[in-house]
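One structure is given here, and the rest of the page talks about it.
Residue numbers (our numbering): 4 to 182.
Set out below in structure tokens:
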């Protein structure tokens with residue numbers, strides 16, 4: 004029996020909370036399948052994993068919609084982290100969950116991107132602070148009902164006295180299509 008079979012029934016909620024918080028639910032799947040665990044813990048695990056997989060599908064679909072939106076407007080974007088990273092480096096894209104969509108664009112495309120997102124129904128409190136964020140940050144947050152939050156990056160990184168321009172990644176980017 005696996006170590007999971009020795010987890011007390013009262014410890015399962017905390018274990019699953021921690022696994023979900025750290026994006027490790029999928030890593031437990033084979034161990035859970037090979038273990039005898041309380042029925043309510045198994046049902047909770049399966050429910051959480053299903054929700055994670057459904058959210059991943061939503062996030063991938065959002066990336067594809069946003070890429071099409073920006074592409075139709077002639078604004079090149081690069082997907083950062085999240086599902087693209089997961090699909091390249093994990094057995095399945097939902098093995099590394101993400102809660103939002105991160106897209107990188109060149110800073111000179113930002114005004115057109117802001118207009119495009121507003122026209123598409125995205126909102127952002129960050130636009131009020133855009134001048135500050137443009138000087139001291141690397142992305143703006145956008146929301147749209149029914150969609151994962153969008154982080155629109157205009158720098159690859161900015162913090163701790165270091166700034167990496169978008170061009171550092173955009174110049175080497177290659178087209179990507181989810182499998």
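We put the beta carbon where it would ideally sit given N, CA and C, even for glycine.
Have a look at residue 142 and residue 30 and give me their C-alpha separation to the nearest angstrom. Along the chain shown, one-based indexing puts residue 142 at 139. Along the chain shown, one-based indexing puts residue 30 at 27. Whole-angstrom Cα-Cα distance: 30 Å.
Tell me whether the beta-carbon of residue 91 lies closer than 9 Å to the beta-carbon of residue 169. By one-based count along the chain shown, residue 91 stands at place 88. By one-based count along the chain shown, residue 169 stands at place 166. Their beta carbons are not under 9 Å apart, which means residue 91 does not touch residue 169 by this criterion.
Does the count of Cβ pairs from the segment 19-35 and the segment 70-86 closer than 8 Å reach three? No: the two stretches stay apart, fewer than three of their Cβ pairs being nearer than 8 Å.
Checking contacts by CB at 9 Å: is residue 177 closer than that to chain B? Among the protein chains of the structure shown there is no chain B, as only one such chain exists.
Within 10 angstroms of the Cβ of residue 179, are there 16 or more other Cβ atoms? Answer buried if so, exposed if not. Here residue 179 refers to the residue found at position 176 of the chain shown. It is exposed - the Cβ of residue 179 has fewer than 16 other Cβ atoms within 10 Å.
For residue 57 and residue 119, what's the separation of their Cα atoms in angstroms? Against the chain shown, residue 57 aligns to sequence position 54. Against the chain shown, residue 119 aligns to sequence position 116. Taking the straight line from one Cα to the other gives about 27 Å.
Just how far apart, CA to CA, sit residue 144 and residue 113? Along the chain shown, one-based indexing puts residue 144 at 141. Along the chain shown, one-based indexing puts residue 113 at 110. Going by the C-alpha atoms only, they are around 13 Å apart.
Under 9 Å, do residue 117 and residue 156 count as touching if we go by C-beta distance? Looking up residue 117 in the chain shown gives position 114. Looking up residue 156 in the chain shown gives position 153. No, they are not a contact pair.
Run through DSSP, which three-state label would residue 156 get? By 1-based counting over the chain shown, the position of residue 156 is 153. Looking at residue 156 - three-state DSSP - the assignment turns out to be strand.
State buried or exposed for residue 9, treating a residue as buried only when at least 16 other CB atoms are found within 10 Å of its CB. Here residue 9 refers to the residue found at position 6 when the chain shown is read from its first residue. Exposed: under 16 other Cβ atoms inside 10 Å.
Which residue's Cα is closest to the Cα of residue 62: 49, 47, 52, 85? By 1-based counting over the chain shown, the position of residue 62 is 59. Residue 85 is the option with its Cα nearest to residue 62.
Using beta-carbon positions only, say whether residue 103 and residue 125 come within less than 9 Å of one another. Translated into the one-based positions of the chain shown, residue 103 becomes position 100. Translated into the one-based positions of the chain shown, residue 125 becomes position 122. For residue 103 and residue 125, no; Cβs fall outside 9 Å.
For residue 151 and residue 12, the rounded distance between their alpha carbons: The sequence position of residue 12 within the chain shown is 9, counting from 1. The sequence position of residue 151 within the chain shown is 148, counting from 1. Between residue 12 and residue 151, the C-alpha separation is close to 34 Å.
What's the gap between the Cα of residue 133 and the Cα of residue 89? Along the chain shown, one-based indexing puts residue 133 at 130. Along the chain shown, one-based indexing puts residue 89 at 86. Here the alpha carbon of residue 133 sits roughly 30 Å from the alpha carbon of residue 89.
Among the candidates 42, 27, 47, 138, whose CA atom is the shortest distance from the CA of residue 99? Numbered from its first residue, the chain shown carries residue 99 at position 96. The candidate whose alpha carbon is nearest that of residue 99 is 27.
Contained beta strand (DSSP E) runs [length at least 3] in the segment 50-81, N- to C-terminal order: As far as the segment 50-81 is concerned, it has no whole beta strand (DSSP E) run of at least 3 residues.
Quick one: residues in its chain with C-beta nearer than 6 Å to the C-beta of residue 4, no 5 flanking neighbours on either side, listed in chain order? For the purposes of this step, residue 4 is taken as residue 1 along the chain shown, with counting starting at 1. No answer about residue 4 holds up, because its pLDDT of 49 lies below 50 and its placement is not dependable.
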